[in-house]
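Novice: Structure in structure tokens, see below.
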Amino acid sequence: MRTVPAREMGGFRILGHVWGGWRRGPGVLAASTAAGFGTEARHQLRRRGSSERSGPLGDQPFPGLLQLENLSREGLVDVLRAAVVDQKGPLVTLNKPPGLPVTGKPGELTLCSVLPELSQSLGLRDRELQIVQASGKETSGLVLLSSCPQTASRLQKFFIHSRRAQRPIATYCAVTDGIPATSEGNIQAALKLEHVDGVDLVIPVKSPSRKDFQEGVKKTFSHFHVVAMGSGCALVQLQPLTVFPSQLQVHMVLQLCPVLGDHTYSARVGTVLGQRFLLPAESTKPQRQVLDGALIRRLRLSPAQSAQLPLHLHLHCLHLPGLRPREAPMKLLAPLPPYFSRTLQCLGLRQQ
Numbered sequence: 001m002r003t004v005p006a007r008e009m010g011g012f013r014i015l016g017h018v019w020g021g022w023r024r025g026p027g028v029l030a031a032s033t034a035a036g037f038g039t040e041a042r043h044q045l046r047r048r049g050s051s052e053r054s055g056p057l058g059d060q061p062f063p064g065l066l067q068l069e070n071l072s073r074e075g076l077v078d079v080l081r082a083a084v085v086d087q088k089g090p091l092v093t094l095n096k097p098p099g100l101p102v103t104g105k106p107g108e109l110t111l112c113s114v115l116p117e118l119s120q121s122l123g124l125r126d127r128e129l130q131i132v133q134a135s136g137k138e139t140s141g142l143v144l145l146s147s148c149p150q151t152a153s154r155l156q157k158f159f160i161h162s163r164r165a166q167r168p169i170a171t172y173c174a175v176t177d178g179i180p181a182t183s184e185g186n187i188q189a190a191l192k193l194e195h196v197d198g199v200d201l202v203i204p205v206k207s208p209s210r211k212d213f214q215e216g217v218k219k220t221f222s223h224f225h226v227v228a229m230g231s232g233c234a235l236v237q238l239q240p241l242t243v244f245p246s247q248l249q250v251h252m253v254l255q256l257c258p259v260l261g262d263h264t265y266s267a268r269v270g271t272v273l274g275q276r277f278l279l280p281a282e283s284t285k286p287q288r289q290v291l292d293g294a295l296i297r298r299l300r301l302s303p304a305q306s307a308q309l310p311l312h313l314h315l316h317c318l319h320l321p322g323l324r325p326r327e328a329p330m331k332l333l334a335p336l337p338p339y340f341s342r343t344l345q346c347l348g349l350r351q352q
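The sequence shown begins at 1 in full-length UniProt numbering and counts up by one.
Shown next as structure tokens:
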């Protein structure tokens, strides 16, 4: 299978040439609960220094977080197999844990690197899976895999058509440090990708010119809806309408409400006398997210643990077309990671 460079789709990546056509069976709608990744996967994810739960929140600050450095290839395949939320025909849907990169350098442990073993483990024999859609490394949630080139192609065409029609097909859940000024709205921003000090960073561009657009600047759009709020934080649903790296994280920073666990772009939000403002993106280097002491205590974390807070951005729902012209569309759901659910419980936020 030939892999081509990834293209970002509102926070998730579509890899390679994709081809389409599949059959849907019963049970394609996965239950939306905070159950995590299943018994076998939870065992794999708790391997390092874990202990049993004590009380409703447990004694782990980040339950369900993948410890990739402790996993073998076989262990990662076990985790991914347990994370499968649906398998019908050539289409396989799984709930990717955060911290797992989709691609990487030769020899690195990534989702792509174990696809041959995962294909064998799922009984696909010589029909090796390819990635149709996957969340970025730090983002958790839905991943679409296909063992059929025609299936992937069909989905690719559907994604392209949906973007051109400005029709959202993906819904993310995010916890934000701060509460948006309005309960619902659209975010528009011109963004560009710059290589700064060895790191690729997304920079907003004010009043872009035609030349800017010719040189890689892109207009981006997202819709947001505040589901719940409390303790100075919010549970937000995000729907990207365009494709750009880190789009959702940067859009929430522009709302002065960075995603919890965003250790790249949250530093662009400054505070003076309780009032938030944007710092210049070009001169603000990435750093660990700094949280208010009261919020750290509410999350039941130590200051050192808060500096390791995982990104609270989860690809929760995908709307896909039916198999045939007259069939109803499909709705795929991925349960929230355990650490995400723990945060909601600590903050008293309820997912509707």
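Where a beta carbon is used, it is the ideal one built from N, C-alpha and C, also for glycine.
Only counting runs of 3 or more residues, tell me where the beta strand (DSSP E) segments fall wholly within the stretch 198-233, in order along the chain.
Specialist: 199-205 and 218-230
Novice: By Cβ distance below 8 Å, which residues in the same chain neighbour T110 in space, the five residues on each side in sequence not counted?
Specialist: L100, P101, V102, T103 and G104
Novice: State the DSSP-derived secondary structure class of D126, mapped to helix, strand or coil.
Specialist: coil
Novice: Run the CB neighbour count on residue 419, radius 10 Å, all protein chains shown included, and call it buried at 16 or more, exposed below.
Specialist: Lying outside 1 to 352, the shown extent of the chain, residue 419 is not represented and no answer is given.
Novice: Can you list, in chain order, the stretches of the beta strand (DSSP E) that have 3 or more residues and sit fully within the stretch 292-328?
Specialist: 313-320
Novice: When you compare the stretch 241-249 with the stretch 219-227, are there three or more beta-carbon pairs, one atom per stretch, that lie closer than 8 Å?
Specialist: yes
Novice: Can you give me the C-alpha to C-alpha distance between L80 and R210, rounded to a whole angstrom?
Specialist: Their Cα atoms are separated by approximately 45 Å.
Novice: Compute the beta-carbon to beta-carbon distance between L320 and M330, rounded to the nearest angstrom, for a pair I have assumed lies under 8 Å.
Specialist: 4 Å
Novice: Tell me, which residues are paired with L94 by DSSP?
Specialist: V84 and V143
Novice: What distance in whole Å lies between the Cβ atoms of A174 and L349, which are believed to be in contact at a cut-off of 8 Å?
Specialist: Wrong, their Cβ atoms sit about 11 Å apart, outside the cutoff.
Novice: Is the CB-CB distance between I68 and V92 below 8 Å?
Specialist: Looking at the sequence provided, one finds Leu at residue 68 rather than Ile. Contact: no.
Novice: Assuming the contact rule is C-beta atoms closer than 8 Å, L238 and L254 should be a hit. Round their C-beta distance to whole Å, please.
Specialist: That belief does not hold up - the Cβ atoms of L238 and L254 are roughly 13 Å apart, past 8 Å.
Novice: Could you tell me whether the stretch 330-342 touches the stretch 262-269, using the rule of 3 or more Cβ pairs below 8 Å?
Specialist: Between the stretch 330-342 and the stretch 262-269, the count of Cβ pairs shorter than 8 Å is below three; the stretches do not touch.
Novice: Looking only at its own chain, which residues have a Cβ that is under 6 Å from the Cβ of V143, when we skip the five neighbours before and after it?
Specialist: L94, K96 and A134
Novice: If you reduce the DSSP assignment to three classes, tell me which class C346 lands in.
Specialist: Helix at C346.
Novice: Please tell me whether T271 and L299 are closer than 8 Å, where the distance is taken between their beta carbons.
Specialist: no
Novice: Are the Cβ atoms of P337 and P98 separated by less than 8 Å?
Specialist: The answer is yes: Cβ separation under 8 Å.
Novice: With 16 other CB atoms within 10 Å as the buried threshold, where does P106 fall?
Specialist: exposed
Novice: Cα-Cα, which of P90, G230, R297 and L273 is closest to L155?
Specialist: Among P90, G230, R297 and L273, the Cα nearest to that of L155 belongs to P90.
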